[in-house]
Amino acid sequence: MEPISTTKTKNVNLTATITNEIDSIDDELIKLLRTTIDDVADDNGWAFLAEVGGLIIKKKPDFDPRNYGFQKLTPLIKSLNKYFDIDEKEIENTHIKHIYVKNKNNYRQQKI
1 MEPISTTKTK
11 NVNLTATITN
21 EIDSIDDELI
31 KLLRTTIDDV
41 ADDNGWAFLA
51 EVGGLIIKKK
61 PDFDPRNYGF
71 QKLTPLIKSL
81 NKYFDIDEKE
91 IENTHIKHIY
101 VKNKNNYRQQ
111 KI
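Letter 107 of the sequence shown, counting from 1, is numbered 107 in the UniProt record's numbering, and no numbers are missing.
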């Protein structure tokens, strides 16, 4: 009888992976997000995140949050809390959340 061959698995350094993902977020992405939020925002500056995502796809069809290390747009925006305020509103008697995003008040003074 021959021994069954086994395969070895590699340990992944999650810290390095997360750091690389965050580092891939550039000024162009921040500018795209900010201008898109401004485009769909109400008078108070809040924009429904689903609308933001839809307009981003129209502006840049190859946009995909996975290119920046996030499965969806929501975690990507949440990771950028330096630039954006987020408000999650849960619909009564459901598990549905509506997520709104707003540019921070001082974003025009920040370097783009």
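Note that the Cβ used here is the ideal one computed from N, Cα and C, for glycine as well.
Residue range of the alpha helix (DSSP H) that residue i falls in?
i	result
residue 99	Taken as a continuous stretch (DSSP letters only), residue 99 belongs to no alpha helix (DSSP H), being part of the beta strand (DSSP E) at 97-103.
residue 28	27-40
residue 77	73-79
residue 116	With the chain covering 1 to 112 only, the question about residue 116 has no answer from this structure.
So, using beta-carbon positions, are residue i and residue j closer together than 8 angstroms?
i	j	result
residue 53	residue 24	no
By alpha-carbon positions, which one of the options ends up nearest to residue i?
i	options	result
residue 100	61, 28, 73	73
residue 85	40, 75, 103, 27	103
residue 77	27, 49, 39	49
residue 31	44, 80, 90	80
residue 29	90, 59, 91, 105	59
Rounded to the nearest angstrom, what separates residue i and residue j at their Cα positions?
i	j	result
residue 42	residue 93	26 angstroms
residue 33	residue 56	8 angstroms
residue 38	residue 47	8 angstroms
residue 40	residue 51	7 angstroms
residue 71	residue 90	21 angstroms
Taking residue i and residue j to be in contact with their CB atoms under 8 angstroms, please state how far apart those CB atoms are, rounded to whole angstroms.
i	j	result
residue 97	residue 88	5 angstroms
Looking at the unbroken beta strand (DSSP E) that takes in residue i, where does it start and where does it end?
i	result
residue 92	Looking at the DSSP string, residue 92 is not in any beta strand (DSSP E), and its letter there is neither H nor E.
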